[in-house]
Amino acid sequence: MGEQDHGFHADRVAVSYWDALGNETVRYFAAGIPDEEIPETIDSPHSGLPAGRDKDNPPALAKTEPYKTHLAYVKERRTEEEAEALLDDALAQLRDRRGSVVHSRSMSSGGTLPAASSSTKNMVCLRPLAPAAGTLA
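Residues 1 to 137 in full-length UniProt numbering are what the sequence shown lists, from first letter to last.
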């Protein structure tokens, strides 16, 4: 019992591809498809390099782009002026949500805060933290 006993065998055409190292890869395609549908290049399973139909002129390795960070992509889309405007807007929204921030140098030297009034209820005072006893600063 051979292949002839298992039904109709479709006609096919063998297409050879070569990579830059000279490795040949053969792919089979249906004989009835037009040449435009057969790919000009494939990835060689032997080397991972691109392989083409021309043995004398295999395709060159595509130039790889260096890894770009998210910040690099953002800088491609925004100018410095737009970035400053967006940052200022975002900081203003954050300050509105959190309330005003008061930087008080007098707090680190033992000063006191003014009594809370309706305009200072949401004020936050930031002062440097003293290191815990026995730890390095």
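Just so it is clear, CB atoms sit at the ideal spot from N, CA and C, and this is done for glycine as well. Predicted model, so just to flag it, every value in this text is computed and none were measured.
Same chain, Cβ closer than 8 Å to residue i, neighbours up to 5 away in sequence not counted
i: G32; result: D11
i: V15; result: V26, R27, Y28, F29, I38 and R53
i: A62; result: P50
Residue range of the beta strand (DSSP E) that includes residue i
i: R12; result: R12 to W18
i: A60; result: It is not in any beta strand (DSSP E) - A60 carries neither H nor E in the DSSP assignment.
i: Y73; result: Per DSSP, Y73 belongs to no beta strand (DSSP E); it is in the alpha helix (DSSP H), H70 to R77.
i: A31; result: First-last for A31: undefined, no H or E at that position.
For residue i, the residue or residues it bridges with in DSSP
i: G52; result: W18 and T41
i: E24; result: W18
Cβ separation of residue i and residue j, assumed to be a contact under 8 Å, to the nearest whole Å
i: T41; j: P50; result: 5 Å
i: K55; j: W18; result: 5 Å
i: L87; j: S47; result: About 47 Å; that fails the 8 Å criterion.
Spatial neighbours of residue i in its chain, beta-carbon cut-off 6 Å, leaving aside the 5 residues before and after
i: P59; result: T41, P50 and G52
i: V13; result: F29 and A31
Opening and closing residue of the alpha helix (DSSP H) in which residue i lies
i: E80; result: E80 to R98
Same chain, Cβ closer than 7 Å to residue i, five either side skipped, listed in chain order
i: P45; result: T25
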